[in-house]
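Remarks on the structure that follows.
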Amino acid sequence: MTTRTTRTLAAALSLTAAWAISGCSAGSDAADAADAADKPKMTVSGAFMPEPVNDKMAGAFMVIKNDSKTADKLTAVTSQLSDDMQIHETKDQKMQQVPSMDVPANGELKLVRGGNHIMFMGLKNKPSVGDKVTIELRFEKADPVKVELDVKERTYQAQHTASH
Ligand code: CU
791 MTTRTTRTLA AALSLTAAWA ISGCSAGSDA ADAADAADKP KMTVSGAFMP EPVNDKMAGA
851 FMVIKNDSKT ADKLTAVTSQ LSDDMQIHET KDQKMQQVPS MDVPANGELK LVRGGNHIMF
911 MGLKNKPSVG DKVTIELRFE KADPVKVELD VKERTYQAQH TASH
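In my numbering, the protein residues as written are 791 to 954.
In structure tokens form, the structure reads like this:
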């Protein structure tokens, strides 16, 4: 009994010593925690899809908000509805595909009609007003975000909710 207690104590002491020796790792753990805290987390609001005219293409609009102090990029979009999801910008009233789009630190990426948007190229079926379409946004740093698009009338415009 006495021997065992001593051995346990010795083991406990050597464990403490090991922790003390590897004390520097506590610093990197703290750094990892800080990295995690800095990892951007995206919140999405006002996501909608105007009812597509045909099954060839559809657009998706929303505001992607980055509340962290780390800038990020929207890099890809996936959906069951289309195998070809693209990120488009509009320049001189013509839209073109881009590989990624910035989501600034403490800022927003606004996907609006006539501006930047997500595009479905080729639809497996044609959604109607009132339907929901799920997409997943992929970012360079932030975790992927699943977004449910409300299918709206073709003329629908996002409500501009005042932030003040
Ligand atoms: Cu487009």
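Yeah, the Cβ is synthetic: ideal placement off N, Cα and C, and Gly gets one too.
Three or more Cβ pairs closer than 8 Å define a contact, and the stretch 884-900 meets that threshold against the stretch 858-875. Per the C-alpha coordinates, the member of T833, K831, A837 positioned closest to Q947 is A837. Judged by DSSP secondary structure, S835 falls within the beta strand (DSSP E) whose first and last residues are 832-840. Here G849 is not near M911, since their CB atoms are 8 Å or more apart.
Put simply, of K914, L901, D921, T945 the residue whose alpha carbon is nearest the alpha carbon of V834 is L901.
Shortest Cα-Cα distance from V888 to any of T865, I854, G897, F929 involves T865.
With 16 or more other Cβ atoms inside 10 Å of its own Cβ, V937 counts as buried. A Cβ-Cβ separation of about 6 Å places V923 in contact with L871 under the 8 Å criterion. Only residues of its own chain outside the window of five on either side were considered, and among them M875, I925, E926, R928 have a CB closer than 8 Å to the CB of T868, listed in chain order. Listed in chain order, the beta strand (DSSP E) runs fully inside the stretch 877-908 are 884-887, 891-893, 897-901, counting runs of at least 3 residues.
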